[in-house]
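Same order as they appear, the protein sequences are chains R and S. Everything in the first sequence is counted per the working numbering, starting at 56 for the first residue and increasing by one. Everything in the second sequence is counted per the working numbering, starting at -9 for the first residue and increasing by one. The structure under discussion appears below in the form of structure tokens.
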Amino acid sequence: MLLIFGIFSWYPIVQSFVMSFQKTNLVTAPTFVGLDNFVKVLQDPLFLTAVQNTVWFAVLALLFGYPIPLIAAVLMSEVRRAKGLFSALAYLPVVVPPVVAVLLWKFFYDASPTGVFNSILAMVGIGPQPWIQSITAAMPSLVLEATWAGAGGTIIIYLAALTGVAPELYDAAEVDGASIWRKIWHITLPQLRGILLITLILQVIGTAQVFLEPFLFTAGGPANSTITVLLLIYRYAFQNSLGGDYGAATALSLMLAMFLAVLSVVYFRLTKSWSQN
Amino acid sequence: MSKTKIPDAEDRGIVSVADWTKPRIRRTMRASHAVLLVVLAVSGLGPLLWLGKAALTPTQDTLRTPLAIFPNGIEWQNVVTAWSTIHLDVQFANTLWVAAGSWAVQIVVATTAGYALSILRPKYAGVLNALVLGTLFVPSVVLLVPLYLTVLDVPFVGISLINTFWAVWLPAGASAFNVLLVKRFFDNLPREVFEAARTDGASSFRLFWSIVLPMSKPIVGVVSVFAIIAAWKDFLWPSLVLIDPMVQPLSVRLPALQQSIELGVYLAALAISSIIPILLFLVFQRMFLRGAGLGGAVKG
């Protein structure tokens, strides 16, 4: 156990700090270069693009992916019959291997008039869309797939939280003559506050590391419109014709990690105080 | 109050039993539930049914009329070709191997680490605990490059694990999350049992093997489910360390196939790759959904 953690966890963590200050290419011996790697990354014009794209992905993912599971879960919690059927249908996309999901949607997004989505649009009289081939539509298309693949998990988390809301609260509100909408607004949502914050942070942590969708759908294109931070790290390290620029890759990883570490500390605090209640 | 006599009032939701008796509310709820069911069925089941259909449809039909259902009959050959000519059987077996090995390593590491930290508690247990839990805050992104270089040339041993399953199995074991889960579980086991066993002269190993392990079936189950699902889903790491197609799992092999093979066969390959997880989900639905709900409380 010590060996596993030592070699595959602690050693690489230390290494990543060391390497971010080194120039390494596996051929010549590594040399210390101070903050050069960080400067180099920050000056790379793609860095800003990647950060902007990642933020844009996160914002879109919140717009699409945050309200939908909540609305669905609140509605589902009121289902009296065949509740299991609802949950199973909602969760089904989550069990599809992510690579399969992306590759399948990539085919759905076929830009020709006989593409799957374009055929469906044609039925309602909308012309063919370029989907992932257009600079503006590519990112929303990626987010749409990611939402499809992830919403089920969030729905189940909300459903579990909804069963934890004490029924007495609703009884009390009814004595005061509260309508259904007022009950949702004044009881359900405030009671879910903790879990809503947690899923929010988890979603930001997840989207900050988004890789699979841009890598498999568009490889960062068209015109770098979907290149994300993790994809840039990957390019520095593994898609460099001059041999991997591991220094720049670890420097960028560390910067991303700082940001994520802050978030996970907040997350850890929240879950701790939340599970104590 | 009269409504407490209705059995359903016990597990009531937002809409009260009294509300349910109002026709307008009942109709709205029914309608919105029906709409929700249709939306869920179309979005959740739709793409998968389409994939199942496309896997058995001749390529030309899928290209020309993607939404038609078997316009020119069924093409079983797609599946046969994907399985035997493209040799998806090899990657299928690899996927099982990767999942089984990651599972075994994770169980061994998590239970022994949990045992050491929670029950044996050597003097340095506090430091060790902090070191393990500290890695929870280190996102896997940081590890990508240094871990890759580590696997390329394992320290002290000097061998490369590239293109061996060990490259996936061993790093999977270094999961602080698993250790945390197991340790928390062990912390709540009754201490008297262990002390009794000790006085009867049980060795540390015997205590672990014959007493602690049999008591920890529930937590081993949870860790197993997480481990197998994660291994089946993983893409980035195995794609870096398993370069030879003969050792690649399905998730790594599929993207490479898309350019090189006929569409119908390719879609059949996608279908083959999803069938096991979907079947597992349908059979163990409760366990999956409970795990997902639990995931919200502990980790996403």
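We treat Cβ as the ideally placed atom computed from N, Cα and C, and that holds for glycine. As the structure is a computational prediction, the values presented were derived from the model and not from experiment.
Status (buried if at least 16 other CB within 10 Å, exposed otherwise) for residue i
{"i": "residue 236 of chain R", "result": "exposed"}
{"i": "residue 223 of chain R", "result": "exposed"}
{"i": "residue 299 of chain S", "result": "No statement about residue 299 of chain S is possible, as the shown extent of chain S runs from -9 to 290 and does not include it."}
{"i": "residue 292 of chain S", "result": "With chain S covering -9 to 290 only, the question about residue 292 of chain S has no answer from this structure."}
{"i": "residue 63 of chain R", "result": "buried"}
{"i": "residue 124 of chain S", "result": "exposed"}
{"i": "residue 267 of chain S", "result": "buried"}
{"i": "residue 326 of chain R", "result": "buried"}
{"i": "residue 118 of chain R", "result": "exposed"}
{"i": "residue 181 of chain R", "result": "exposed"}
{"i": "residue 234 of chain R", "result": "exposed"}
{"i": "residue 234 of chain S", "result": "exposed"}
{"i": "residue 66 of chain S", "result": "exposed"}
{"i": "residue 74 of chain R", "result": "buried"}
{"i": "residue 317 of chain R", "result": "exposed"}
{"i": "residue 3 of chain S", "result": "buried"}
{"i": "residue 264 of chain R", "result": "buried"}
{"i": "residue 175 of chain R", "result": "exposed"}
{"i": "residue 236 of chain S", "result": "exposed"}
{"i": "residue 250 of chain R", "result": "buried"}
Coarse secondary structure for residue i, derived from DSSP in three states
{"i": "residue 272 of chain R", "result": "helix"}
{"i": "residue 173 of chain S", "result": "helix"}
{"i": "residue 191 of chain R", "result": "coil"}
{"i": "residue 12 of chain S", "result": "coil"}
{"i": "residue 321 of chain R", "result": "helix"}
{"i": "residue 87 of chain R", "result": "strand"}
{"i": "residue 327 of chain R", "result": "helix"}
{"i": "residue 113 of chain S", "result": "coil"}
{"i": "residue 77 of chain R", "result": "strand"}
{"i": "residue 266 of chain R", "result": "coil"}
{"i": "residue 182 of chain S", "result": "helix"}
{"i": "residue 166 of chain R", "result": "coil"}
{"i": "residue 252 of chain S", "result": "coil"}
{"i": "residue 201 of chain R", "result": "helix"}
{"i": "residue 152 of chain S", "result": "coil"}
{"i": "residue 37 of chain S", "result": "helix"}
{"i": "residue -3 of chain S", "result": "Because the pLDDT of residue -3 of chain S is 42, which lies under 50, any placement of that residue in the model is unreliable, and the number read from its coordinates should be weighed accordingly. Helix, per DSSP."}
{"i": "residue 146 of chain S", "result": "coil"}
{"i": "residue 168 of chain S", "result": "helix"}
{"i": "residue 62 of chain R", "result": "helix"}
{"i": "residue 263 of chain S", "result": "helix"}
{"i": "residue 67 of chain R", "result": "helix"}
{"i": "residue 104 of chain R", "result": "helix"}
{"i": "residue 294 of chain R", "result": "coil"}
{"i": "residue -9 of chain S", "result": "Confidence in residue -9 of chain S is poor, its pLDDT being 38 and thus under 50, which makes the residue's placement too unreliable to answer from."}
{"i": "residue 105 of chain S", "result": "helix"}
{"i": "residue 22 of chain S", "result": "helix"}
{"i": "residue 44 of chain R", "result": "What the structure shows of chain R is the stretch from 56 to 332, and residue 44 of chain R is not part of that stretch, so it cannot be assessed."}
{"i": "residue 79 of chain S", "result": "helix"}
{"i": "residue 130 of chain S", "result": "helix"}
CB-CB length for residue i against residue j, believed under 8 Å
{"i": "residue 127 of chain R", "j": "residue 134 of chain S", "result": "So it is not a contact: roughly 34 Å between Cβ atoms."}
{"i": "residue 89 of chain S", "j": "residue 218 of chain S", "result": "5 Å"}
{"i": "residue 183 of chain S", "j": "residue 231 of chain S", "result": "Contact flag wrong, Cβ pair sits at about 42 Å."}
{"i": "residue 62 of chain S", "j": "residue 255 of chain S", "result": "So it is not a contact: roughly 17 Å between Cβ atoms."}
{"i": "residue 142 of chain R", "j": "residue 211 of chain R", "result": "6 Å"}
{"i": "residue 197 of chain R", "j": "residue 268 of chain R", "result": "4 Å"}
{"i": "residue 194 of chain S", "j": "residue 110 of chain S", "result": "6 Å"}
{"i": "residue 104 of chain S", "j": "residue 176 of chain S", "result": "5 Å"}
{"i": "residue 154 of chain R", "j": "residue 39 of chain S", "result": "Going by Cβ atoms, the distance from residue 154 of chain R to residue 39 of chain S rounds to 20 Å, so no, they are not a contact pair."}
{"i": "residue 165 of chain R", "j": "residue 157 of chain R", "result": "With a Cβ gap of about 14 Å, residue 165 of chain R and residue 157 of chain R do not count as contacting."}
{"i": "residue 5 of chain S", "j": "residue 229 of chain R", "result": "The Cβ separation is near 10 Å, so there is no contact."}
{"i": "residue 307 of chain R", "j": "residue 288 of chain R", "result": "5 Å"}
{"i": "residue 184 of chain R", "j": "residue 192 of chain R", "result": "7 Å"}
{"i": "residue 49 of chain S", "j": "residue 269 of chain S", "result": "The Cβ separation is near 26 Å, so there is no contact."}
{"i": "residue 41 of chain S", "j": "residue 261 of chain S", "result": "5 Å"}
{"i": "residue 263 of chain S", "j": "residue 240 of chain S", "result": "4 Å"}
Check whether the stretch 213 to 227 of chain R touches the stretch 289 to 305 of chain R, taking contact to mean three or more Cβ pairs, one atom from each stretch, closer than 8 Å. no
When the Cβ atoms of the stretch 89 to 97 of chain S are set against those of the stretch 158 to 167 of chain S, are three or more pairs found closer than 8 Å? Result yes; three or more Cβ-Cβ pairs closer than 8 Å.
Would the stretch 105 to 122 of chain R count as touching the stretch 257 to 265 of chain R if we require 3 or more Cβ pairs under 8 Å? yes
Next on the checklist: Check whether the stretch 198 to 206 of chain R and the stretch 143 to 156 of chain R touch, using three or more Cβ-Cβ pairs below 8 Å as the test.
Outcome noted: Enough Cβ pairs lie closer than 8 Å, so yes.
Q: Within the stretch 215 to 240 of chain R, note down every full alpha helix (DSSP H) run reaching 4 residues or more, in order along the chain.
A: Entirely contained in the stretch 215 to 240 of chain R, the alpha helix (DSSP H) runs reaching 4 residues are, in chain order, 222 to 230 and 235 to 238.
Exercise. Give, in chain order, every unbroken run of the alpha helix (DSSP H) that is at least 4 residues long and sits entirely within the stretch 186 to 248 of chain S.
Key: Segments of the alpha helix (DSSP H) lying fully in the stretch 186 to 248 of chain S: 207 to 223 and 226 to 231.
Checklist entry - Does the stretch 61 to 75 of chain R touch the stretch 243 to 257 of chain R, meaning 3 or more C-beta pairs lie closer than 8 Å? => result no
Please specify which runs of the alpha helix (DSSP H), each continuous and at least 4 residues long, are wholly inside the stretch 49 to 76 of chain S, giving them in chain order.
49 to 54 and 67 to 70
Taking contact to mean 3 or more Cβ pairs, one atom from each stretch, closer than 8 Å, check whether the stretch 272 to 283 of chain R and the stretch 185 to 193 of chain R are in contact.
yes
Below 8 Å, can you find three or more Cβ-Cβ pairs linking the stretch 97 to 111 of chain R to the stretch 280 to 289 of chain R?
Touching, yes, given that three or more Cβ pairs across the two stretches are closer than 8 Å.
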